[in-house]
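Undergrad:
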Amino acid sequence: MSAALFIDVQVKESVARDPEIAAKLAEVCPVDIFRAGPGGVEIVQDNLDECVLCQLCLRVAPAGSVKVIKLYDDGAVLGA
Amino acid sequence: MRFFEYESRAVVAKAGIPVTKHGFARSPEEARTVAEQIAGPVVIKSQVLTGGRMKAGGVQFADNPDEAARHAEHVLDLEINGHMPRGVLVDSRASVKHEYYAGVVWDGLRKQPVMLFSDMGGIDIEEVAEQHPDHVARAHFSTTRPFSDWQAKQLVASLGITGSALNRLTPIIARLAQLFLRYDMTLAEINPLGELEDGSFVALDAHMDMENEARPRQKALLHELGVGDEETRQAREATPFELAGEEVDAQDHRGVAGNVTEFDGNLGLVIGAGGGSLTLFDAVRAHGGQPANYCEIGGNPSVRKACGLAKLVLQKPGVDKIAVMMSIVSNTRVDIVARGVIKACVELGYDPAEKIAIFRIPGAWEDEGFKILEKYGVEYADRSVSLHGAAKRAVEKIQGGAS
Ligand code: SF4
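Taken in order, these protein sequences are the chains called A and B.
If you count the first sequence from 1, position 74 lands on 73 in numbering that gives the first Met the number 0, and the numbers rise without skipping.
If you count the second sequence from 1, position 173 lands on 172 in numbering that gives the first Met the number 0, and the numbers rise without skipping.
1. I think valine 95/B touches leucine 115/B, with their Cβ atoms under 8 Å apart; what is that distance to the nearest whole Å?
2. Taking the Cβ atom as the reference point for each residue, do alanine 67/B and valine 33/B lie within a distance shorter than 9 Å?
3. Please report the distance separating the alpha-carbon of alanine 60/A from that of asparagine 46/A.
4. Is leucine 4/A close to chain B, meaning its C-beta is less than 9 Å from at least one C-beta of that chain?
5. So that I know if they touch, is there some Cβ in chain A lying closer than 9 Å to that of alanine 301/B?
6. Please report the straight-line C-alpha distance between leucine 24/A and aspartate 7/A, rounded to a whole angstrom.
7. Got a sec: does ligand 1 put a non-hydrogen atom nearer than 8 Å to the Cβ of isoleucine 32/A?
8. So which residues on chain A does isoleucine 371/B lean against when the C-beta distance must stay under 7 Å?
9. One question on the structure: do glutamate 98/B and leucine 192/B come within less than 9 Å of each other, judged by their Cβ atoms?
10. By alpha-carbon positions, which one of Gln289/B, Arg167/B and Glu188/B ends up nearest to alanine 176/B?
11. Taking Cβ-Cβ distances below 7 Å as the criterion, which residues of the stretch 21-46 of chain A are in contact with chain B?
12. For a contact meaning CB atoms closer than 7 Å, what does valine 345/B contact in chain A?
13. Using CA coordinates, which residue listed in Val87/B, Arg31/B, Arg69/B and Glu78/B is at the minimum distance from glutamine 46/B?
14. Suppose the cutoff is 8 Å on Cβ atoms and the five residues either side in sequence are ignored; what does the same chain contact list for arginine 167/B look like?
15. Can you determine whether any heavy atom of ligand 1 sits closer than 8 Å to the C-beta of isoleucine 6/A, and answer yes or no?
16. With distances taken Cα to Cα, identify the nearest neighbour of proline 112/B among Phe140/B, Gly102/B, Met119/B and Asp133/B.
17. In angstroms, rounded to a whole number, what distance separates the CA positions of glutamate 210/B and leucine 266/B?
18. Out of Ala363/B, Ala156/B and Ala9/B, point me to the one whose CA is closest to leucine 178/B's CA.
19. Suppose you measure from the CA of histidine 73/B to the CA of glutamine 398/B; what does that come to, to the nearest Å?
20. Give the residues of chain A in contact with arginine 338/B, contact being defined as C-beta atoms less than 9 Å apart.
21. Tell me, to the nearest whole angstrom, how far the beta carbon of proline 300/B is from that of alanine 256/B; I am working on the premise that it is less than 8 Å.
22. State buried or exposed for lysine 396/B, treating a residue as buried only when at least 16 other CB atoms are found within 10 Å of its CB.
23. In this structure, how does DSSP classify tyrosine 375/B when only helix, strand and coil are distinguished?
24. Taking the CB atoms as reference points, tell me whether isoleucine 37/B and histidine 70/B lie closer together than 9 Å.
25. Regarding proline 300/B and ligand 1, is the C-beta to nearest heavy atom distance less than 8 Å?
26. Please classify glutamine 217/B as buried or exposed, where buried requires at least 16 neighbouring CB atoms within 10 angstroms.
27. Are there any heavy atoms of ligand 1 lying less than 8 Å away from the beta-carbon of leucine 75/B, as far as the coordinates show?
28. Taking 8 Å as the threshold, find out whether the stretch 234-252 of chain B comes into contact with the stretch 19-31 of chain B through three or more Cβ pairs.
29. Work out the CA separation of serine 276/B and leucine 52/A for me, nearest whole Å.
30. Counting C-beta neighbours from all protein chains within 10 Å, is the total for methionine 0/B 16 or more, i.e. buried, or is it exposed?
31. Note down, in chain order, each residue of its chain lying with its Cβ closer than 6 Å to the Cβ of threonine 331/B, except the 5 sequence neighbours on either side.
32. Mind checking which residues open and close the alpha helix (DSSP H) that includes methionine 53/B?
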């Protein structure tokens, strides 16, 4: 279970395994929510609540493959 | 920040105000050497950042270097109000005909410095002002227009001082006012300012207090005086609560969430925004509230930092509720602060709706912020509620006058 109260981030399984996208996500997120691990992208649970809703992750990944969910807003999805 | 007397003397002398022959000593041997150089009766004065030296035995008189060394040994070991001396000032004993007072302080109400002069020196100026108000002259002056000697002359002359004394006192008062401005002082005081038998004037004791925020631009002066960056010179040592606040702020580079000062009330404050914190602190007190702390939050801190600060305040013994208040923010995000303070409550096992008396931060990303507050049932106010209105509401809630 995530320790985050406000934000959840989900990455589509197929995209998550792509090392290039993983590296891009890790690079653009200003609050280090993504980490490029050996098996692809990893979500840094401890940083989720730091999300500043900048949408940069949505721009560097294929459309619809990354979801930033506002847990405080009935699960509204950022950019949707 | 406060200066020791020996440093204040150096500042006064640097400004061209005559001082008695003196020297700073850290050991009895050094005190003896200074006394030998002075070659006359001396006073040994403990160098501590606290008052009551005379009463505590921290001021001793010596007629020769041996006696000076003996007294210095005793004074160097003497703790005064919990302070051990940094050293001793070995000062020549001048033959004084009359003692005056000269000072410049910051008048917070007028937002201007005020020069004070009295022909009754050597005692507390507050006492003189109360018991002999006609012996204290005051004059405000501008921080932006050049200071003129004429202003100092008017001040001294207003007490009926004329002739040579007026001419000799004028440049001393003028230089004191100028050094106050040049070195960002909040207090520059010479007491007593002694008139010697030959009609000349010397500073017999001096107190200086500099605006803490001015430390970076007064680096050259501080370096000259040997004051290191690590010396805080605060009125008291930081409490563990305040040190913990520094640690929260040092967690990452983003924004400010710290500068905590401890008080003993029951309303914890998470406040900030360009002077708003001071206004809010005063507003809470004006409405009868008892702040548990002062702090500053702003500049868009991370959720982690806002959370750390709120946790620190919430865990302070005696805190019943916290009030989260800022003036209208532009560079701090409302939603980020809301996340931080709610997270602090939740992680400590509190109900945010219960623990947060009021959240009043309007501005950037307030719509997102208000959604978060609504989700957790926290009472919040937008910009239609003034800072005073929010402070009043927080005080009412903590006093049980409103739920
Ligand atoms: S929206 Fe911005 S901060 Fe949030 S996860 Fe995406 S890149 Fe990171």
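Cβ atoms here follow ideal geometry from the backbone N, Cα and C, with glycine treated the same way.
Every value quoted in this text rests on a predicted model; they were computed, and no experiment measured them.
TA: Quick answer:
1. That belief does not hold up - the Cβ atoms of valine 95/B and leucine 115/B are roughly 20 Å apart, past 8 Å.
2. In this structure, valine 33/B lies closer than 9 Å to alanine 67/B by Cβ.
3. 19 Å
4. yes
5. Checking the displayed sequence, the identity of residue 301/B turns out to be serine instead of alanine. Output row for serine 301/B: interface = yes.
6. The straight-line gap from Cα to Cα measures roughly 15 Å.
7. yes
8. Within chain A, the residues near isoleucine 371/B are Phe5 and Tyr71.
9. yes
10. Glu188/B
11. none
12. Leu4
13. Val87/B
14. Gly198, Ser199 and Phe200
15. Distances from the CB of isoleucine 6/A to the heavy atoms of ligand 1 include at least one below 8 Å.
16. Phe140/B
17. Glutamate 210/B and leucine 266/B have their C-alpha atoms roughly 28 Å apart.
18. Ala9/B
19. 53 Å
20. Leu4, Phe5, Ile6, Asp48, Glu49 and Tyr71
21. That belief holds up - the Cβ atoms of proline 300/B and alanine 256/B are roughly 4 Å apart, short of 8 Å.
22. buried
23. coil
24. no
25. no
26. buried
27. no
28. no
29. 28 Å
30. buried
31. Gly297 and Asn299
32. 52-55
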